[in-house]
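**Q**
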Amino acid sequence: MGNLFSNISEDSKICATEEVELRKQIKDANPTPYNRSTYNILLLGQIRAGKSSFYNTTHCAITGEFLETAPVRNEDTHITTQYRVRQLRGTHIKLCDTMGFNDVNAISQEQVKKLLKGELPDRFKFQPKDEKEITENTTLMSKRTNKSIEANKIHAVVFVIDGNYFDKMTQPNKKFLIETNIICNNEEIPVVALVTHLDEFSSEVEQNVLCSYAKRNTKVQGKFCEIKNFFGINAMWVLPVVNYTDTLESDWKKNFLALKALLAMVSRAKGYLEDKAEIGNNPD
Ligand SMILES: Nc1nc2c(ncn2[C@@H]2O[C@H](COP(=O)(O)OP(=O)(O)OP(=O)(O)O)[C@@H](O)[C@H]2O)c(=O)[nH]1
Ligand SMILES: [Mg+2]
Numbered sequence: 061m062g063n064l065f066s067n068i069s070e071d072s073k074i075c076a077t078e079e080v081e082l083r084k085q086i087k088d089a090n091p092t093p094y095n096r097s098t099y100n101i102l103l104l105g106q107i108r109a110g111k112s113s114f115y116n117t118t119h120c121a122i123t124g125e126f127l128e129t130a131p132v133r134n135e136d137t138h139i140t141t142q143y144r145v146r147q148l149r150g151t152h153i154k155l156c157d158t159m160g161f162n163d164v165n166a167i168s169q170e171q172v173k174k175l176l177k178g179e180l181p182d183r184f185k186f187q188p189k190d191e192k193e194i195t196e197n198t199t200l201m202s203k204r205t206n207k208s209i210e211a212n213k214i215h216a217v218v219f220v221i222d223g224n225y226f227d228k229m230t231q232p233n234k235k236f237l238i239e240t241n242i243i244c245n246n247e248e249i250p251v252v253a254l255v256t257h258l259d260e261f262s263s264e265v266e267q268n269v270l271c272s273y274a275k276r277n278t279k280v281q282g283k284f285c286e287i288k289n290f291f292g293i294n295a296m297w298v299l300p301v302v303n304y305t306d307t308l309e310s311d312w313k314k315n316f317l318a319l320k321a322l323l324a325m326v327s328r329a330k331g332y333l334e335d336k337a338e339i340g341n342n343p344d
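Heads up: the sequence shown begins at 61 in my numbering, then just goes up one per residue.
1. Is it true that the segment 306 to 324 meets the segment 258 to 274, where meeting means three or more beta-carbon pairs spaced less than 8 angstroms apart?
2. Under the DSSP definition of a beta bridge, which residues are partnered with V217?
3. For S97 and T151, I'd like the C-alpha separation in whole angstroms.
4. Does DSSP classify V280 as helix, strand or coil?
5. With which residues is P300 paired in a DSSP beta bridge?
6. Taking C-beta to C-beta, are D321 and L299 nearer than 8 angstroms?
7. Find out if the Cβ-Cβ distance for the pair D227, E286 is shorter than 8 angstroms.
8. Which residue's Cα is closest to the Cα of N233: C120, A130, I86, D163?
9. According to the Cβ coordinates, are I249 and L176 closer than 8 angstroms?
10. Taking Cβ to Cβ, would you say R83 is nearer than 8 angstroms to H119?
11. For ligand 2, any of its heavy atoms closer than 7 angstroms to the Cβ of A345?
12. For chain C, find out if any of its Cβ atoms is closer than 8 angstroms to the Cβ of L82; answer yes or no.
13. Regarding H119 and ligand 1, is the C-beta to nearest heavy atom distance less than 7 angstroms?
14. For F161, which of helix, strand or coil comes out of DSSP?
Right, dumping it as structure tokens:
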């Protein structure tokens, strides 16, 4: 990767070609050999980590269109309180967006298990402790069929981590991640860590987002190492991304990182389905 950072005009040439290739690979990714119509990828993480922003960033990287399909805001309250299953346009990939956790509210471990099994429907309303009881869920739950449960089953889990806050995370939040990671391991569902907000974490990344990949950026690499050890995953599954925030200008470097990260997630999901097929198990 060294030459990616040495000369911007060279960068543009290399990455423009690679970006096209990555986009093609993402559009071509198709789980029909495993009797599935989509790869289902679950996004979990702390409130404001950038889960919904990642959906919007990948949508832009794939289609070139800026849409804030997934609502994003910088507030202390939960922005996403509904489970939203969104298929990326022109792909066989669904990104499943959840309510973020904080010290007060988190998705329960029972709900995590249900999400993994596909038992919670799209638009299921998570219930922050300070909200009144929700009645719509009963209607949504009653509409579930075996087919819709199967279609929503998760094939890979993404822990979305704000690079700035990882070491400041409180015990309850760490506990949520540790317990959820154990559930995924027990269910043999592969996990990756998506590290966001790296532009705020490192001024070098702010200047050139591709520096998040550079081995010489010891600050970023040190953070990746902590995250890799925390989840007990291989370094290749710690994925940097810098989400679109306040600009409507397409940035090939951001697209490049988002597409690389998405492809890694698909590869994990494919590995899961492949593994289940090989041992002759139906993953459901
Ligand atoms: N600088 C920077 N800001 C980001 C990044 N990703 C997200 N943000 C900002 O962080 C804030 C929260 O982003 P969201 O995408 O709403 O976070 P979320 O994880 O979906 O939050 P909840 O739905 O509340 O759990 C927004 O202001 C985003 O613009 C990033 O990579 N860099
Ligand atoms: Mg959100």
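Positions of the beta carbon are idealized from the N, C-alpha and C atoms, including for glycine.
**A** Once the coordinates are examined:
1. Contact between the segment 306 to 324 and the segment 258 to 274 is present, because at least three Cβ pairs lie under 8 angstroms.
2. The partner list for V217 (beta bridge, DSSP) reads L102, V251.
3. Going from the Cα of S97 to the Cα of T151 covers about 10 angstroms.
4. V280 sits in a helix when the DSSP states are folded into three classes.
5. DSSP lists V255 as partners of P300.
6. It should be pointed out that residue 321 corresponds to Ala in this sequence rather than to Asp. Yes. Within cutoff.
7. Going by C-beta atoms, D227 is nearer than 8 angstroms to E286.
8. Measuring from the Cα of N233, the nearest candidate turns out to be D163.
9. By the CB criterion at 8 angstroms, I249 and L176 fall inside the cutoff.
10. Taking 8 angstroms as the cut-off, the beta carbon of R83 is found no closer than this to the beta carbon of H119.
11. Limits of the chain in this structure are 61 at one end and 344 at the other, which puts residue 345 out of reach.
12. In summary, chain C is missing from the structure at hand, where a single protein chain is found.
13. Residue side-chain check: H119 keeps its Cβ at 7 angstroms or more from all non-hydrogen atoms of ligand 1.
14. Note: F161 maps to strand in three-state DSSP.
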